[in-house]
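Structure record follows, encoded as structure tokens.
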Amino acid sequence: MKRRQLPTASLHVLLALLEGEKHGYAIMRDVEQLSDGATRMGPGTLYGTISRLLGDGLIEEVSAPDADEPGAERRRYYRLTPDGTRVATDELRRLQSLLQRVAQLNPHLGGAS
Amino acid sequence: MSVVDSPATRVYRVLLWCYPRRFHRYYREDLVQAFRDEVRDRGAGRGWSRVLADLVISVPRQNLEAAMERQTSFGALTRLVILGVAGIALFAFGGMFALIALVIVATVTFTYWRGRIPYREALRDGSSSWWRYLLGGAALLATIAVATSYGPDFDWFPWAGLVTLFLVAWGLVGLGALLGMVNLGRALRRRTAGAG
């Protein structure tokens, strides 16, 4: 089944989670780094996106690695589900192929591939 | 270890009540934690500016989504009874506003049962809230119609309050219509996609 293209915020969250499980603020920070500062999410946007991705079964909650330590801050951690990993890698491939096609059609752009 | 909230965090906690109840209940502490991290890493000025911009964007979106996705707790029979009672009450008390309200309710009901427009899909698909707004607004309009019918008998009648209520009623009707159209658009798109 062909999946509808992901919204930018959702895609960025999935890409940030490709590295492994993270809590919300780490995702926010990584999204900003990944997009070179172009995408900046606030907490509400982030958790709204997380809520939708959880609903779509693309990410899942995991227990915090340091949850049992005394004095540990209460944080929820998230990781990609197998479906989420597949969607993220498919989306990366789609973007790569798009860039390649654009570079082929516009050789004067140079260095795009 | 319990963390004592700074005054800024307390203000942010209050602002979080703008989110839908379920979202607020589930993510409140995560949002607050992210806010604390943001202010710690970027400073109060930049942290607040980002968070406020985020609230402006994400609060309406979350509320709209919550309104559209809330599952109905009323069965078809309950809806029928509510519509019936509302119809009888509107007929009984009459008045211009009640007539307008009746037309709105009748249009929604008629198109729903006629089934040509996918109202049923729109309602079944967790989109029950819009008609509550619509009915709430219509009920308020009917109440105002009754109040204005008997109002001149009272010297103390709060006309300013009535005008406010009138605006609120039309606001509810407008919101209900807007949400209804959004849901309907979704249902139509799904039907088109299913047929294609």
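Order-wise, the sequence lines are chains A and B. All the letters of the first sequence, read from the start, carry residue numbers 465 to 577 under this note's numbering. All the letters of the second sequence, read from the start, carry residue numbers -6 to 189 under this note's numbering. All C-beta atoms, glycine included, are put in the ideal place defined by N, C-alpha and C.
So, helix, strand or coil for residue 516 of chain A, using DSSP? Mapped onto the first sequence, residue 516 of chain A falls at position 52. If DSSP states are grouped into helix, strand and coil, residue 516 of chain A belongs with the helices.
For residue 483 of chain A, count the other beta carbons within 10 Å of its own beta carbon; 16 or more makes it buried, fewer makes it exposed. Which is it? Locating residue 483 of chain A in the first sequence gives position 19, counting from the first residue. Burial call: exposed.
Run through DSSP, which three-state label would residue 564 of chain A get? Within the first sequence, the letter at position 100 stands for residue 564 of chain A. Three-state DSSP puts residue 564 of chain A in a helix.
How would you write the range of the beta strand (DSSP E) that residue 541 of chain A sits in, first residue to last? Stepping through the first sequence from its first residue, residue 541 of chain A is reached at position 77. Start and end: 541 to 544.
Can you find a C-beta in chain A that's less than 8 Å from the C-beta of residue 46 of chain B? Indexing the second sequence from 1 puts residue 46 of chain B at position 53. With 8 Å as the cut-off, residue 46 of chain B counts as an interface residue toward chain A.
Under three-state DSSP, which class holds residue 485 of chain A? Taking the first sequence and counting its residues from 1, one reaches residue 485 of chain A at position 21. If DSSP states are grouped into helix, strand and coil, residue 485 of chain A belongs with coil.
Residues in its own chain within less than 8 Å of residue 3 of chain B by CB, not counting five upstream and five downstream? Within the second sequence, residue 3 of chain B is the residue found at index 10, counting from 1. So the list is empty, once near-sequence residues are dropped.
Could one say the Cβ of residue 543 of chain A lies closer than 8 Å to chain B's Cβ atoms, at least one of them? The sequence position of residue 543 of chain A within the first sequence is 79, counting from 1. No, residue 543 of chain A lies away from the interface with chain B (no Cβ there is under 8 Å from its Cβ).
So, using beta-carbon positions, are residue 52 of chain B and residue 508 of chain A closer together than 8 Å? For the purposes of this step, residue 52 of chain B is taken as residue 59 along the second sequence, with counting starting at 1. For the purposes of this step, residue 508 of chain A is taken as residue 44 along the first sequence, with counting starting at 1. Contact flag set, yes.
Can you give the Cα-Cα distance for residue 161 of chain B and residue 167 of chain B, rounded to whole angstroms? Sequence index remark: in the second sequence, residue 161 of chain B carries index 168 (1-based). Sequence index remark: in the second sequence, residue 167 of chain B carries index 174 (1-based). Looking at the two C-alpha atoms, the distance is approximately 10 Å.
Beta-carbon proximity list for residue 129 of chain B, same chain, < 6 Å, skipping 5 on both sides: For the purposes of this step, residue 129 of chain B is taken as residue 136 along the second sequence, with counting starting at 1. For residue 129 of chain B, where only same-chain residues beyond five positions count, the Cβ hits under 6 Å are 165.
Taking 8 Å as the CB-CB limit, is residue 538 of chain A close to chain B? Counting from 1 along the first sequence, the entry for residue 538 of chain A is found at position 74. Closer than 8 Å: yes.
Out of A/529, A/567, A/504 and A/485, which has the shortest C-alpha to C-alpha gap to residue 50 of chain B? Along the second sequence, one-based indexing puts residue 50 of chain B at 57. Selected option, being the one with the closest Cα: A/504.
Whose Cβ in chain B lies nearer than 9 Å to the Cβ of residue 550 of chain A? The sequence position of residue 550 of chain A within the first sequence is 86, counting from 1. Those do not exist, as residue 550 of chain A stays about 22 Å from chain B at its closest Cβ, beyond 9 Å.
How many angstroms separate the CA atom of residue 478 of chain A from the CA atom of residue -3 of chain B? The residue you call residue 478 of chain A lines up with position 14 of the first sequence. The residue you call residue -3 of chain B lines up with position 4 of the second sequence. Residue 478 of chain A and residue -3 of chain B: Cα-Cα distance of roughly 33 Å.
If you draw a straight line from the alpha carbon of residue 6 of chain B to that of residue 35 of chain B, how long is it in whole angstroms? As a working mapping, residue 6 of chain B is identified with position 13 in the second sequence. As a working mapping, residue 35 of chain B is identified with position 42 in the second sequence. Going from the Cα of residue 6 of chain B to the Cα of residue 35 of chain B covers about 19 Å.
Spell out the partners DSSP gives residue 525 of chain A in its beta bridges. As a working mapping, residue 525 of chain A is identified with position 61 in the first sequence. A/542, per the DSSP bridge assignment.
What are the residues in the stretch 496 to 512 of chain A lying within 8 Å of chain B by C-beta distance? 504, 505, 506, 507, 508, 509, 510, 511 and 512
Interface residues of chain B around residue 488 of chain A at Cβ under 8 Å? Translated into the one-based positions of the first sequence, residue 488 of chain A becomes position 24. Within 8 Å Cβ-Cβ: 23, 26 and 27.
Could you tell me the alpha carbon to alpha carbon distance between residue 579 of chain A and residue 517 of chain A, rounded to whole angstroms? One cannot answer for residue 579 of chain A here, as it falls past the ends of chain A, which runs 465 to 577.
Euclidean distance between Cα positions of residue 123 of chain B and residue 490 of chain A: Mapped onto the second sequence, residue 123 of chain B falls at position 130. Mapped onto the first sequence, residue 490 of chain A falls at position 26. Approximately 37 Å, taken between the alpha carbons.
Cβ shell of residue 24 of chain B (< 7 Å), same chain only, five flanking positions each side left out: Within the second sequence, the letter at position 31 stands for residue 24 of chain B. These residues qualify, in order along the chain: 9.
Using a cut-off of 8 Å between C-beta atoms, extract the partners of residue 7 of chain B located in chain A. Taking the second sequence and counting its residues from 1, one reaches residue 7 of chain B at position 14. Correct list: empty, because the minimum Cβ distance to chain A is about 14 Å.
In three-state terms, what does DSSP make of residue 185 of chain B? On the second sequence, residue 185 of chain B is found 192 positions in, with the first residue counted as 1. In this structure, residue 185 of chain B counts as helix in the three-state DSSP scheme.
Chain A contact residues for residue 52 of chain B, given Cβ-Cβ distances below 9 Å: Numbered from 1 along the second sequence, position 59 holds the residue referred to as residue 52 of chain B. Going along chain A in sequence order, the residues near residue 52 of chain B (Cβ under 9 Å) are 508.
Does the beta-carbon of residue 38 of chain B have 16 or more other beta-carbons within 10 angstroms, so that it is buried, or is it exposed? Translated into the one-based positions of the second sequence, residue 38 of chain B becomes position 45. Exposed: under 16 other Cβ atoms inside 10 Å.
Does DSSP put residue 1 of chain B in a helix, a strand or coil? Position 8 of the second sequence holds residue 1 of chain B. Three-state DSSP puts residue 1 of chain B in a helix.
Look at residue 523 of chain A and residue 510 of chain A and say whether their C-beta atoms are less than 8 Å apart. As a first step, residue 523 of chain A must be located in the first sequence, where it is residue number 59. As a first step, residue 510 of chain A must be located in the first sequence, where it is residue number 46. For residue 523 of chain A and residue 510 of chain A, no; Cβs fall outside 8 Å.
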